[in-house]
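Contents: one structure, followed by commentary.
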Amino acid sequence: MNSTKRKFNALLQGLSSPRPSTDGESPAAMFGNRVPSGTIKTVDYEALLQKRRRLGFPESTAPRLDNTVTSGLTSLASSIRRTVSDATTPKVRRDGPARYSPGDREELLKRLATFQEITDWTPKPDKINEVEWAKRGWICQGKERVRCLLCHKELVVKLKKEAGESEGDALTSAEVEAALVDKYAELIVSAHQSDCLWKRRGCDDSLLRLSFMSVKAAIEALKKRYEELCSRQTFLPYEFNLHLPEGMNLDHVIEQLPPDFFTSDKASTDAPNRPALALALLGWQGLTNTRIGAVPNTASCHTCQRRLGLWMFKSKEVDESGMVIVPAPMDYLDPEREHRFFCPWKNPAAQSRGHSIQSNDTEDMPAWKILLQSIKNESDLRKVYEGRLKPVSKPASKPAAAADPSTPLKTPSRPAAHHTPNISIDSTAINDEDDEATRDAKDKERWARLRKVKSLFDTKKKKSKASRPTTPHSIRS
Numbered sequence: 001m002n003s004t005k006r007k008f009n010a011l012l013q014g015l016s017s018p019r020p021s022t023d024g025e026s027p028a029a030m031f032g033n034r035v036p037s038g039t040i041k042t043v044d045y046e047a048l049l050q051k052r053r054r055l056g057f058p059e060s061t062a063p064r065l066d067n068t069v070t071s072g073l074t075s076l077a078s079s080i081r082r083t084v085s086d087a088t089t090p091k092v093r094r095d096g097p098a099r100y101s102p103g104d105r106e107e108l109l110k111r112l113a114t115f116q117e118i119t120d121w122t123p124k125p126d127k128i129n130e131v132e133w134a135k136r137g138w139i140c141q142g143k144e145r146v147r148c149l150l151c152h153k154e155l156v157v158k159l160k161k162e163a164g165e166s167e168g169d170a171l172t173s174a175e176v177e178a179a180l181v182d183k184y185a186e187l188i189v190s191a192h193q194s195d196c197l198w199k200r201r202g203c204d205d206s207l208l209r210l211s212f213m214s215v216k217a218a219i220e221a222l223k224k225r226y227e228e229l230c231s232r233q234t235f236l237p238y239e240f241n242l243h244l245p246e247g248m249n250l251d252h253v254i255e256q257l258p259p260d261f262f263t264s265d266k267a268s269t270d271a272p273n274r275p276a277l278a279l280a281l282l283g284w285q286g287l288t289n290t291r292i293g294a295v296p297n298t299a300s301c302h303t304c305q306r307r308l309g310l311w312m313f314k315s316k317e318v319d320e321s322g323m324v325i326v327p328a329p330m331d332y333l334d335p336e337r338e339h340r341f342f343c344p345w346k347n348p349a350a351q352s353r354g355h356s357i358q359s360n361d362t363e364d365m366p367a368w369k370i371l372l373q374s375i376k377n378e379s380d381l382r383k384v385y386e387g388r389l390k391p392v393s394k395p396a397s398k399p400a401a402a403a404d405p406s407t408p409l410k411t412p413s414r415p416a417a418h419h420t421p422n423i424s425i426d427s428t429a430i431n432d433e434d435d436e437a438t439r440d441a442k443d444k445e446r447w448a449r450l451r452k453v454k455s456l457f458d459t460k461k462k463k464s465k466a467s468r469p470t471t472p473h474s475i476r477s
């Protein structure tokens, strides 16, 4: 009965007394030992124990001062360590283009790939086309919208007039559009933040240019493109469906390629696939999607990111004589024209930027012409090397006959074919002996000179040589 009264009086006192602020009170004081805290002082700990006794909680479940402080400090230190590690650990961007890389060609192509959707980016004038934006770090973010990868500044690039405008103001709209083009050309650089690195330096104009310095690497890349297209043989258009550019002769190219070019496990047959070779020479190869893998009916250019539906250009039905019964949806395929305007496979200016080998007199050539010239040069060199290894006796017989014209007259009964190698071998042997004798004589002469020079610096021999001639003079005298 007395204990019940004490509990009742304690509750009344708690109701009548003002409620202390819980800002400084730890969670352990409010909820027992369920939440640890490191801010419990000794006085507060004693008050907590008295309150627990008053309310009837067992002392076995009471928190200890050392454990609470230690656990609180441990949790506080671990949280601080976790926060510092999260703040110092850099976040690596695994996907997407890099933020600032003005000298990386692959990153430039990634930025250009964001402009390929016609629904998001419509063709613009040359001053503000997608190449100019990509060279300064901009990517296409949405409908006619660009964003900087580094400073995250966004711009809306809009030039078309509204549908409600009248046609009478054509001159005014043209002037306005020209002014807008000039303004956007300035904003490509000035729209960046003041501390953005893309504002200081962009990509060089020659970064899109394809390199053909290594002919072996160029032929290997051509073979890779050819094999990828051969794996899509059922979707490739026929040769008569192709309109090849002037100056490309597939027969000459097949003769100039290395002998092992068409022998591969990926190719169905060793016979050349002429449509696949023509497309590969013009920069086309198979399209591979990151999710679904190889796309069998589509080709692509990895430089300008252009995609080409092969089924649109192949005749649907052809008879045995080659006559087209059911034509293709498109009349023909021009592989060079299908590239985008800035692609070096099509644009000679894009391929010639920064090219130090070409002189001012030679005209600029697209990449496929340079590739054909490289293949021809490699073929000519291969023929020269093979010609040196074939017969050596024929060129050797001419100088031998010129040097000793009486040799075939001495032995007319012997055939010249059997006699000529012996003459060349003997003459070469004699020349070798003469060279060795001359070499030995020169060596002896050098050693003699060295001995003379060495004797000039030998003081002991000088004294002995100088004392010897005086003896006969003294005797004669």
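Residue numbers (full-length UniProt numbering): 1 to 477.
C-beta: ideal position from N, C-alpha, C; glycine also.
query: Buried versus exposed, by CB contacts within 10 Å (16 or more), G103; result: exposed
query: Own chain residues within Cβ distance below 7 Å of D380, not counting five before or after; result: none
query: Separation of V253 from V146, as counted between CA atoms; result: 43 Å
query: Segments assigned beta strand (DSSP E), at least 3 residues, entirely inside the stretch 274-341; result: 285-289, 293-300, 307-309 and 324-326
query: Environment of T22 [buried if 16+ CB atoms lie within 10 Å]; result: Annotation note: pLDDT 48 at T22 (below 50); position unreliable, no value reported.
query: Contact the stretch 336-343 vs the stretch 212-224: 3+ CB pairs below 8 Å; result: no
query: One or two residues paired with E154 in a DSSP bridge; result: R147
query: Touch test, the stretch 300-310 against the stretch 273-285, Cβ-Cβ under 8 Å, three pairs minimum; result: yes
query: Residue from A174, G142 and C203 whose Cα sits closest to the Cα of D106; result: With the sequence shown as reference, residue 106 is identified as Glu, and Asp is not the correct amino acid for it. With distances taken between Cα atoms, E106 lies closest to C203.
query: Inter-residue Cα distance where the pair is P123 and Q116; result: 10 Å
query: Continuous alpha helix (DSSP H) stretch holding I219: start and end; result: V215 to C230
query: Simplified DSSP assignment, three categories, for Q141; result: strand
query: Cβ-Cβ distance between residue 544 and A113 below 8 Å; result: Because residue 544 is not part of the residues shown, which for the chain are 1 to 477, the question remains open.
query: Same chain only: Cβ atoms within 6 Å of E317, ignoring 5 sequence neighbours per side; result: I325 and V326
query: Limits of the alpha helix (DSSP H) - the one that I254 falls within; result: L250 to Q256
query: Span of the alpha helix (DSSP H) around S352; result: P348 to S352
query: Contacting residues, own chain, Cβ-Cβ under 7 Å from L250 (five flanking each side not counted); result: R274, L277 and A278
query: Rounded separation between A367 and R439 - CA only; result: 54 Å
query: Under the three-state DSSP convention, the category L236 falls into; result: coil
query: DSSP three-state assignment for A400, whether helix, strand or coil; result: In this prediction, A400 scores a pLDDT of 43, lower than 50, which makes its location untrustworthy; the coordinate-derived value is nonetheless stated afterwards. Here A400 sits in helix by DSSP.
query: Minimum C-alpha distance to R136 - residue among S315, K127 and A294; result: K127
query: Residue-chain proximity (R136, chain C), Cβ-Cβ < 8 Å; result: Protein chain content of the structure displayed is limited to a single chain, and chain C is not contained in it.
query: Heavy atom of the ligand NAD within 7 Å of R291 beta-carbon; result: Ligands displayed in this structure: none; no statement on the ligand NAD is therefore possible.
query: Burial state of residue 532, where buried means 16 or more other Cβ atoms lie within 10 Å; result: The shown model of the chain, from 1 to 477, leaves out residue 532, and the question about it has no answer.
query: M248 to M365 span [Cα, whole Å]; result: 13 Å
query: Where residue 522 falls: helix, strand or coil (DSSP); result: Only positions 1 to 477 of the chain appear in the structure, and residue 522 is not among them; the question remains open.
query: Simplified DSSP assignment, three categories, for L242; result: strand
query: Beta-carbon proximity list for F212, same chain, < 6 Å, skipping 5 on both sides; result: A218, I370 and S374
query: Three-state secondary structure (DSSP) of Y100; result: coil
query: Three-state secondary structure (DSSP) of G202; result: coil
query: Counted within 10 angstroms of its Cβ, other Cβ atoms place W138 as buried (16 or more) or exposed; result: buried
query: Euclidean distance between Cα positions of A10 and Y45; result: 19 Å
query: Pair within 8 Å by beta-carbon distance, A328 and F313; result: yes
query: Extent of the continuous alpha helix (DSSP H) to which A113 belongs; result: R105 to A113
query: Neighbourhood of K158 by C-beta, 7 Å cutoff - its chain only, sequence neighbours within 5 removed; result: E144
query: N- and C-terminal bounds of the alpha helix (DSSP H) containing W133; result: E130 to K135
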